[in-house]
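Worksheet: the structure to be examined is printed underneath.
2 protein chains.
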Amino acid sequence: MSAQPLVGLEVVECSTFVAGPSCGMTLAQLGADVVRVDLPGGGSDFGRWPLSATGESLYWTNLNKGKRSVAIDYRTPAGRELLTAFTTRTGDHRGVYVDNVVGRHRLRHDDLAALRSDMITVHVEGFADGRPAVDYTVNASIGIATMTGPDFLDTPVNHVLPAWDLLTGMHAAVGVLASLERRRTTGEGSAINVALYDVAVSAVGALGWFAEAEEAGADRPRHGNHVFGSFGTDFATSDGSRIMVVALTEGQWDALCDVTGTRDVFAALEKALDLDLRQESARYEVRETIASILRPWFIARDLTALRPLLDQARVLWAPYLSVVEAAASARASSDPVLHDVDQPGVGPMPTTVSPLRWAQTERKPALTPRLGADTGPVLAESLGLTDADLGRLAADGVIALTS
Amino acid sequence: MSAQPLVGLEVVECSTFVAGPSCGMTLAQLGADVVRVDLPGGGSDFGRWPLSATGESLYWTNLNKGKRSVAIDYRTPAGRELLTAFTTRTGDHRGVYVDNVVGRHRLRHDDLAALRSDMITVHVEGFADGRPAVDYTVNASIGIATMTGPDFLDTPVNHVLPAWDLLTGMHAAVGVLASLERRRTTGEGSAINVALYDVAVSAVGALGWFAEAEEAGADRPRHGNHVFGSFGTDFATSDGSRIMVVALTEGQWDALCDVTGTRDVFAALEKALDLDLRQESARYEVRETIASILRPWFIARDLTALRPLLDQARVLWAPYLSVVEAAASARASSDPVLHDVDQPGVGPMPTTVSPLRWAQTERKPALTPRLGADTGPVLAESLGLTDADLGRLAADGVIALTS
């Protein structure tokens, strides 16, 4: 077994909510030593829903797994001094600081760089000009909510997945690692800012949607659960389930026609409408017709009967699952990402490891520290503070040794 | 001005659709030299919608910006040999290969590692056991579609943003960069697999949703456009616009009460219901009541009147925009990610740069190569092929020099 790829790297994370913490979590899952810094008693996300039966935030717990927890009141001069000293201490694998600026800058790059010239900082923010924004407002700003949902709706549909937060966290992780690459090559540090809004603009741009809308001078109409530019939609089954069926490639389209016995119908349709349904754009154009021809076959069968038929025919499909069902399915999957742990403060809890599977490297599920559990050891180890120092700082409210 | 952080890094990308290409694009936007390898005439995503008026895929064009394009028929022995030689050539900043296995493996890690022991490969796949899956089927499998959309719906709502594809691309980029870090430290190569499904499981797990659903033994009910665990929802305005308004923090809640003149109403409500609305969980519990108290204030004003009122009061909000409006807004934003270029084959086109803003480093928009435009130069440069060699390979259909 090889060691995790980022063993040795030390990151200080002073962030809240999803983006910054998911950056730290991603690095921790690859072996980095990530010290999460919170205010004593926890920051604004420490009690965020969902909660466990024991009253712990399952959100905070799951975003901070595999990190160490240090509680410092960085709003006080003494707290800032401690955090600054800890963040800028010497070592090739140190000097990496990630925070978010929803409230305010925790530590500023220039202050850190004055003490350590090769400092790497990543600040996560809402807009590039410093105005606040969160996933829900960015999603409204970017045009996607008006494209989502059934075509009979005329109101926007918010996504539930905080996709912009999660993508921003991944960009922040890429920023950290690319900065390390640059530091090794040039000796230079890096000051990076990344705005949630910019992440959304970049993603929508990458899909060609801005180019499409501006060239057409109009928005793509809402089209419910249909896949744009190809064939894919949902079907009801006789037992009240729903499944998603997709035919992006010619092979997937053939499989779908074969299993549903609709080859002749579609051949006749192609002739009548002068279409070539082997082209995915043609399938998209007549998506409603294709769906209505296929619907009776699906609704006549239940999920148990459909499963082997569709799998054997190599149709690309999936049943819609609830989150409870999805958890069970994830647990049963090959080389699972979902594991069961006994999480202090929570009890038995499903948790997840990195989705990156490294040959010869084991992915072990990590527990989440209790808030402040590592304050003493981390400050003793890294800054040489004695028990007396720690006791005094705790008495002054500058640090908290446990939550 | 400093150089881009990944200048010098060379990556060979042999992938299609979104995940693999967005990994390569992310690295290219940070300065890496990414050679995208396609089949002569283009792979299965080369004609994917949306299309430009000139018939080019705006999707392919926008996902491949800043790369070089090489067309090799890697299905032929001669083509595989060329691609293998190119991918494994010596150099500290080389030996990085990204592909996707929706169809099949292009090149296998073991074959590459036999020629170059520190080879880094990242394979993007559907499920970890090799079964195919795409963003739309993964989204059905993970439980989110049944949570999305208005609460009067009883059918799943697909997201429009291919969030799993985009997140998988970012994980792949993290995998590449973490592998480089490990290669520098240990001299070892890396063989990484990353499945779309595993990315989704990991993300939903990180939010605590599996833990929540399993502890409750039930799914979170659909709640339309409300933000879970806090207060946030959409409001109609007198001009037919809709806006998203969020109050996650106590300050944002105060701002919302102040600007709408509802402080006394909510104080009375707190007393009547024995609630403390400074707690976000309390705001979530009575979200419908809060929304109905606020609704008349919003519907009595138009967007033009609301904008300064909400901004001055520091309410966290955003109007819902269409994609056309979102493009205009992105173009006008501070230090914009969206730029206008004259894209060969397309014409004037909005394009995007990396959302990571590096101090002292300029982000220049990059054009997309025409398919196969770099086949000749890249193979001549890297493998020493002569014009005669290239001509022969092109005549044999092993490579294409232009599209």
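One line per chain: the protein sequences are A and B, in this order.
Remember, this note's numbering sits 1378 above the position in the first sequence when you count from 1.
Remember, this note's numbering sits 1378 above the position in the second sequence when you count from 1.
Virtual Cβ for every residue (Gly too), placed ideally from N, Cα, C.
Answer with yes or no whether the minimum CB distance from Val1512 of chain A to chain B is below 8 angstroms.
yes
Could you compute how far the alpha carbon of Thr1730 of chain B sits from the alpha carbon of Tyr1514 of chain A?
22 angstroms
Any contact of the segment 1580-1589 of chain A with the segment 1722-1740 of chain B, i.e. 3+ C-beta pairs under 8 angstroms?
yes
Length of the line joining the Cα atoms of Val1577 of chain A and Gly1769 of chain B:
43 angstroms
According to DSSP, which residues form a beta bridge with Asp1682 of chain B?
What sits at residue 1682 of chain B in the sequence shown is Thr, not Asp. Its beta-bridge partners do not exist; DSSP assigns none.
What whole-angstrom Cβ distance do Val1572 of chain B and Gly1553 of chain B have, given they're in contact under 8 angstroms?
6 angstroms
Distance, Cα to Cα, Asp1411 of chain B vs His1601 of chain A?
38 angstroms
Same chain only: Cβ atoms within 6 angstroms of Gly1527 of chain B, ignoring 5 sequence neighbours per side
Val1535
Neighbourhood of Asp1752 of chain B by C-beta distance below 6 angstroms, restricted to the same chain and skipping five residues each side
Arg1446, Ser1447, Val1448
Gly1762 of chain A classed as buried or exposed, judged by whether at least 16 other C-beta atoms fall within 10 angstroms
exposed
Indicate, with yes or no, if the ligand COA has a heavy atom lying under 7 angstroms from the CB of Thr1499 of chain B.
Here there are no bound small molecules, and the ligand COA is not part of this structure.
Between the C-alpha atoms of Ala1591 of chain B and Ser1760 of chain A, what's the straight-line distance to the nearest angstrom?
40 angstroms
Is the beta carbon of Ser1422 of chain B closer than 8 angstroms to that of Leu1429 of chain B?
no
Counterpart residues of Ser1568 of chain B in DSSP-defined beta bridges
B:Ile1498
Have a look at Ala1506 of chain A and Ala1704 of chain B and give me their C-alpha separation to the nearest angstrom.
16 angstroms
Beta carbon proximity, Ile1520 of chain A to chain B, threshold 8 angstroms
yes
Are the segment 1618-1632 of chain A and the segment 1685-1694 of chain A in contact at 8 angstroms, needing three or more beta carbon pairs?
yes
Going by DSSP, which residues form a beta bridge with Tyr1452 of chain B?
Tyr1452 of chain B pairs with nothing; no bridge assigned.
Is the distance from the Cβ of Ala1710 of chain A to the Cβ of Gly1750 of chain A below 8 angstroms?
no
What separation, rounded to the nearest whole angstrom, lies between the Cα atoms of Cys1392 of chain A and Arg1661 of chain B?
27 angstroms
Identity of the residue in A:Val1413, A:Thr1404, A:Leu1408, A:Asp1477 nearest Arg1748 of chain A by Cα
A:Val1413
Would a check of beta-carbon distances place Met1727 of chain A closer than 8 angstroms to chain B?
yes
With which residues is Asp1617 of chain B paired in a DSSP beta bridge?
In DSSP, Asp1617 of chain B forms no bridge with anything.
Measuring only between beta-carbons, confirm whether Ser1707 of chain A sits less than 8 angstroms from chain B.
yes
Is there a Cβ from chain A that is less than 8 angstroms from the Cβ of Pro1733 of chain B?
yes
Taking Cβ-Cβ distances shorter than 9 angstroms, what residues in chain A pair up with Trp1427 of chain B?
Gly1586, Glu1590, Phe1606, Gly1607, Ser1608, Glu1658, Ser1659, Tyr1662
Starting from Met1525 of chain A, find everything on chain B with Cβ-Cβ shorter than 8 angstroms and list it in chain order.
Val1538, Val1701
Where does Asp1689 of chain B sit, in a helix, a strand or coil, going by DSSP?
helix
Can you give the Cα-Cα distance for Gly1725 of chain A and Asn1440 of chain A, rounded to whole angstroms?
13 angstroms
Can you name the residues of chain B whose CB is closer than 7 angstroms to the CB of Glu1593 of chain A?
Ser1430, Ala1431
Pull the bridge partners of Asp1612 of chain A from the DSSP assignment, please.
A:Met1622
According to DSSP, is Glu1459 of chain A helix, strand or coil?
helix
Tell whether a beta-carbon distance below 8 angstroms holds between Ile1677 of chain B and Thr1615 of chain B.
yes
For Thr1432 of chain B, I'd like the list of residues in its chain whose CB is within less than 8 angstroms of its CB, leaving aside the five on either flank, ordered along the chain.
Gly1723, Val1724, Gly1725
For Glu1566 of chain A, collect the residues of the same chain with a Cβ closer than 7 angstroms to its Cβ; drop the 5 residues on either side in sequence, then sort them by chain order.
Asp1496, Arg1560
Short of 8 angstroms in beta carbon distance, which residues of its chain neighbour Phe1644 of chain A, apart from the five on each side in sequence? Order them along the chain.
Cys1635, Leu1655, Ile1668, Ile1671
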